[in-house]
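Be aware that the sequence shown starts at 320, since it is given in my numbering, and climbs by one per residue.
We put the beta carbon where it would ideally sit given N, CA and C, even for glycine.
Worksheet: one structure, shown below.
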Amino acid sequence: MAQAAPAKPMTKTQLVAALAEEMGSDKKTASAALDALGALVARTVAEGGALTLPGIGKVACRARPERQVRNPQTQEMMTKPADKVVKVTIAKSLKDSVNA
320 MAQAAPAKPM
330 TKTQLVAALA
340 EEMGSDKKTA
350 SAALDALGAL
360 VARTVAEGGA
370 LTLPGIGKVA
380 CRARPERQVR
390 NPQTQEMMTK
400 PADKVVKVTI
410 AKSLKDSVNA
């Protein structure tokens, strides 16, 4: 059984157009809403908080401890300092809609 090629991700222009249609408004308003949402998520996560997007998932900042890693070119082990990563947990409703 052959799998279909994955669809290309939606561009910002396509997303703004689809969002404007879904909202029943113009593209300028939809673009402002999308930019505001992106800024809000970035600010909240940068401050170490978490944000739940209903029906989509949870975006959170997680601290990773200092750890040993291997350089793939030289195979040398080195210590990587502690850092933070952004983690996205997908909502169950979204997972279920994909697998329906």
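### Query
Under 9 Å, do Glu-385 and Lys-399 count as touching if we go by C-beta distance?
One-based indexing of the sequence shown puts residue 385 at position 66. One-based indexing of the sequence shown puts residue 399 at position 80. A distance below 9 Å separates the beta carbons of Glu-385 and Lys-399.
### Assumed close pair Val-378, Val-364 - CB separation to whole angstroms, cut-off 8 Å
Working through the sequence shown from its first residue, we reach residue 378 at position 59. Working through the sequence shown from its first residue, we reach residue 364 at position 45. That belief holds up - the Cβ atoms of Val-378 and Val-364 are roughly 6 Å apart, short of 8 Å.
### Query
Looking at Ala-349 and Val-335, is the spacing between their C-beta atoms short of 9 Å?
By one-based count along the sequence shown, residue 335 stands at place 16. By one-based count along the sequence shown, residue 349 stands at place 30. For Val-335 and Ala-349, yes; Cβs fall inside 9 Å.
### Length of the line joining the Cα atoms of Leu-338 and Leu-353
Position 19 of the sequence shown holds residue 338. Position 34 of the sequence shown holds residue 353. Whole-angstrom Cα-Cα distance: 8 Å.
#### Entry: Gly-343 in three-state terms, based on DSSP
Mapped onto the sequence shown, residue 343 falls at position 24. The answer is coil: DSSP assigns Gly-343 none of H, G, I, E or B.
### Task
Below 8 Å on the Cβ atoms is my guess for Gly-376 versus Thr-408; work out the distance and round it to an integer in Å.
The count along the sequence shown starts at 1 and reaches residue 376 at position 57. The count along the sequence shown starts at 1 and reaches residue 408 at position 89. 5 Å between Cβ atoms; contact.
### Query
Can you give, in chain order, each stretch of the beta strand (DSSP E) that sits fully within the stretch 362–415 and has at least 3 residues?
If you keep only unbroken beta strand (DSSP E) runs of at least 3 residues inside the stretch 362–415, you get 369–372, 376–383, 386–389, 396–399 and 402–409.
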